[in-house]
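S.K.: Mapped onto this note's numbering, the consecutive letters of the sequence shown carry residue numbers 142 to 250. Built from N, CA and C at the ideal position, the CB exists for glycine as well. Okay, handing you the structure first.
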Amino acid sequence: MMLMYASACSDDNDDLLPDETFEILYGDVLFLGELYRGDSTLIRRSIDSLLQAHGTDTTTFFATAETYAQDREKMQRLYSKTIERFEKLSGSNDSLQNTRDIGTHPEDY
C-alpha cells in the first residue's frame, strides 16, 4: 500500500533507514492508518511524530520503501514482519493502549 506512494528515491544508501528500523516503522505506519482511518489529520500527525521519534522523515521513509519495492526477498520479509507486528498491535481489545508500543520492541520480530 504505502510502497505505491514511494515517490522519493535515493541511490545513496546512507540516506536509507536500516532494515530493522524500516520494518518496524512500516508496520506501525499501517497500524496507525487503520487505527485513525477516519481522521487524515490525526494519521499524518501520528506518522510524523513516529518518524520524528526515530530521527527520520517521510522522504527517507519513502526512499527506503522504494528499495524494498525493487527487492523481492526484502518485500517477502517485510510482509511477514508487518503481519506479525500488525497482529501484535491489534491483538488487544484496547487498540489505543497498544499505541504505546508503536515504534518499539524490535526484539519482538
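(1) On a Cα-Cα basis, can you pick out the residue from Lys229, Ser221, Ser181 and Asp180 that is closest to glutamate 164?
(2) Give me the Cβ distance between leucine 192 and leucine 166, rounded to the nearest whole Å; I'm assuming they're in contact under 8 Å.
(3) Exposed or buried, glutamine 155, counting other C-beta atoms within 10 Å across all chains shown (16 or more means buried)?
(4) Using the Cβ count rule (16 or more neighbours within 10 Å means buried), how would you classify aspartate 198?
(5) For serine 181, count the other beta carbons within 10 Å of its own beta carbon; 16 or more makes it buried, fewer makes it exposed. Which is it?
(6) With burial defined as no fewer than 16 other Cβ atoms inside 10 Å of the residue's Cβ, what is the status of aspartate 169: buried or exposed?
(7) Which word fits arginine 226, buried or exposed, when buried means at least 16 other C-beta atoms lie within 10 angstroms of its C-beta?
M.R.: With the structure as the only source:
(1) Position 23 of the sequence shown, counted from the first residue, corresponds to residue 164. The shortest C-alpha separation from glutamate 164 is found at Ser221.
(2) The residue given as residue 192 occupies position 51 in the sequence shown. The residue given as residue 166 occupies position 25 in the sequence shown. Contact between leucine 192 and leucine 166 holds: CB atoms are separated by about 7 Å, below the 8 Å threshold.
(3) On the sequence shown, position 14 is the one that residue 155 refers to. The sequence shown places aspartate at residue 155, rather than the glutamine named in the question. If you draw a 10 Å sphere on the C-beta of aspartate 155, you find fewer than 16 other C-beta atoms in it, and that means exposed.
(4) In the sequence shown, residue 198 corresponds to position 57, counting from 1. Around the beta-carbon of aspartate 198, fewer than 16 other beta-carbon atoms lie within 10 Å, marking it exposed.
(5) Your numbering for residue 181 matches position 40 in the sequence shown. The residue is exposed, with fewer than 16 neighbouring Cβ atoms inside 10 Å.
(6) Position 28 of the sequence shown, counted from the first residue, corresponds to residue 169. Of the residues assessed, aspartate 169 falls on the buried side of the cut-off, its CB having 16 or more other CB atoms within 10 angstroms.
(7) As a working note, residue 226 is residue 85 in the sequence shown. Counting every other CB atom within 10 Å of its CB across the protein chains shown gives arginine 226 a total of 16 or more, marking it as buried.
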